[in-house]
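A.B. asks:
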Ligand SMILES: [Zn+2]
Ligand SMILES: [Zn+2]
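Residue numbers (our numbering): 4 to 118.
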């Protein structure tokens, strides 16, 4: 058999294969092909195996996506806190030492920190 030539069905030697199993890669003819939602397979066993495989991959994808989202949210929250602290510190210094009114913040600082 030359490389790239159509191989024969794994169940029917001599019958030209029309496709390959998505799970195990074995060639099959139209009579043997098992169609599933995820592709064509040589047997029901392979179809089920592939479906389980796809489901696991999707679950893994979802986990990775949600994990990444939470990490992003946390780093955003940390940045926000750092910014808030920095802005409050600047407002505190301006209000207390430079006697500059910072809208809203000066009032807040006087009320809660006694600046
Ligand atoms: Zn197979
Ligand atoms: Zn066949």
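Here a beta-carbon is modelled for each residue, glycine too, at the ideal position from N, C-alpha and C.
Please find out if some non-hydrogen atom of ligand 2 comes closer than 7 Å to the beta-carbon of residue 24.
C.D. replies: False, no ligand heavy atom lies under 7 Å from that Cβ.
A.B. asks: Determine the direct distance from the alpha carbon of residue 105 to that of residue 98, and round the result to whole angstroms.
C.D. replies: Taking the straight line joining both Cα atoms gives about 7 Å.
A.B. asks: Report yes if the C-beta of residue 56 is less than 7 Å from at least one heavy atom of ligand 1; otherwise report no.
C.D. replies: Answer for residue 56: no, Cβ out of range of ligand 1.
A.B. asks: Round the Cβ separation of residue 12 and residue 49 to the nearest angstrom and send it over; I've been treating them as touching at under 8 Å.
C.D. replies: 14 Å between Cβ atoms; not a contact.
A.B. asks: Identify whether residue 19 lies in helix, strand or coil by the three-state DSSP scheme.
C.D. replies: Three-state result, residue 19: strand.
A.B. asks: Is the beta carbon of residue 38 within less than 7 Å of some heavy atom of ligand 3?
C.D. replies: As far as ligands go, the structure on display features ligand 1 and ligand 2 and does not contain ligand 3.
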